[in-house]
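Asks: Next up is a structure, given as structure tokens.
Protein chains in written order, with this note's numbering: chain C, 1 to 113; chain G, 1 to 114.
Next up, the structure:
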């Protein structure tokens with residue numbers, strides 16, 4: 001069975017500082033990996049995903065994540081955060097398709113001035 | 001606007017009430033999903049519909065009853081709920097259920113059972 005671990009429930013950072021949100025997964029087969037973001041009172045939005053190919057994937061708003069098969073990780077990073085990045089971030093894994101998507105418990109990113 | 005609309009946004013109901021949650025997608029997708037989001041817990045997949053046929057039911061109690069009359073609409077009928085059913089219920093849709101498919105989520109219905 002697949003599982004996703006997000007060790008940090010909350011990450012406070014100052015504006016313009018770098019941030020890393022950690023995600024580790026367990027699976028016995030090849031996987032697809034996702035990061036979703038949830039802003040207050042909103043549904044989830046896809047931030048970025050890894051399906052195959054380059055292990056480094058980027059989003060349009062400056063986030064990036066790197067798939068590391070040996071460490072079974074898919075950490076999310078941003079070199080300089082903005083106040084507007086305050087949200088909850090969910091890592092998810094799937095092997096056979098979306099209906100089997102398994103989510104982590106989420107990490108709340110709190111960006112302060 | 002994500003293209004997936006859920007109504008109502010907030011719902012308070014007693015344990016003996018019957019209510020329904022509605023989800024509508026305007027994206028032309030052929031798969032729709034219900035998720036439950038509780039505090040401090042991972043999102044739980046409840047039901048999956050593909051081409052209006054239920055393809056997944058993750059051991060959800062019978063007090064939750066889904067309905068998918070067409071590919072654009074999805075309902076979740078609720079009856080005799082328990083306080084522990086209080087949560088954010090999220091609807092999502094995708095073009096297909098295949099691997100790597102992006103899902104689009106609605107804003108959710110915040111349900112409180114009293």
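Cβ coordinates follow ideal geometry from the N, Cα and C atoms, glycine included.
If you pair each beta-carbon of the region 75 to 82 of chain G with each one of the region 8 to 24 of chain G, do three or more pairs fall below 8 Å?
Replies: yes
Asks: Taking only three categories from DSSP, how would you classify residue 24 of chain G?
Replies: strand
Asks: Step through the CB atoms of chain G and report whether any lies within less than 8 Å of the CB of residue 24 of chain C.
Replies: no
Asks: Taking the straight line between their C-alpha atoms, what separation do you get for residue 69 of chain G and residue 70 of chain C?
Replies: 45 Å
Asks: Measure the beta-carbon distance from residue 110 of chain G to residue 81 of chain G and round it to whole angstroms, keeping in mind my assumption that it falls under 8 Å.
Replies: That pair is no contact at about 14 Å.
Asks: Going by other Cβ atoms of all chains shown within 10 Å of its Cβ, with 16 needed for buried, is residue 152 of chain G buried or exposed?
Replies: There is no way to answer for residue 152 of chain G, as the model of chain G reaches only from 1 to 114.
Asks: Have a look at the DSSP bridge pairing and note the partners of residue 111 of chain C.
Replies: Partner(s): C/13.
Asks: Quick check on the DSSP output: what are the complete beta strand (DSSP E) runs of length 3 or more inside the region 48 to 93 of chain C, in order along the chain?
Replies: 56 to 58, 64 to 68, 73 to 78
Asks: Let me make sure I understand the geometry here. Which of C/74, C/43, C/44, C/47 has the alpha-carbon closest to that of residue 55 of chain C?
Replies: C/74
Asks: Work out the CA separation of residue 9 of chain C and residue 87 of chain C for me, nearest whole Å.
Replies: Going from the Cα of residue 87 of chain C to the Cα of residue 9 of chain C covers about 12 Å.
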